[in-house]
Amino acid sequence: MYEECLKIELIKNGYDVKQQLYTTINYEGVDIKTKLVVDLLVNDTIVVELKAIEEILPIHEAQLLTYMKVLKKPQGLLINFFTDNITKSLKPFINEYFKELPN
1 MYEECLKIEL
11 IKNGYDVKQQ
21 LYTTINYEGV
31 DIKTKLVVDL
41 LVNDTIVVEL
51 KAIEEILPIH
61 EAQLLTYMKV
71 LKKPQGLLIN
81 FFTDNITKSL
91 KPFINEYFKE
101 LPN
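Here the sequence shown is numbered in full-length UniProt numbering, starting from 1 and rising by one per residue.
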């Protein structure tokens, strides 16, 4: 539910959004489909991982960082909807691909 609503709002505001993407890795020239599924990919740059849990744990952060690395995306956003104030439950991430973004 949260994922669909967020996707609609992002599209309404002019963003390109892909939903429920299966990730692939390339191993020795062969593309292998993994069981890793990205909730949202915004503008082919920002990986968005959505949760509705009492507490964000390091494993959830590692999950997002893994998606970012596998997809070679520079930015990530972890959002937990189990909150009374959504702005307090957003956690941005960047990785080594961030420095390659144009100014």
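Backbone N, C-alpha and C fix where the C-beta goes; we use that ideal spot for every residue, glycine too. What you are looking at is a predicted structure, and each value in this text was computed from that prediction instead of being measured.
DSSP places Leu50 within a strand segment (E or B) once states are collapsed to three. When the Cα atoms are used, Ala52 and Gly29 turn out to be separated by approximately 37 Å.
Judged by DSSP in its simplified three-state form, Lys72 adopts coil rather than helix or strand.
Excluding the 5 residues flanking it on each side, Glu61 has same chain C-beta neighbours closer than 7 Å at Leu78, in chain order.
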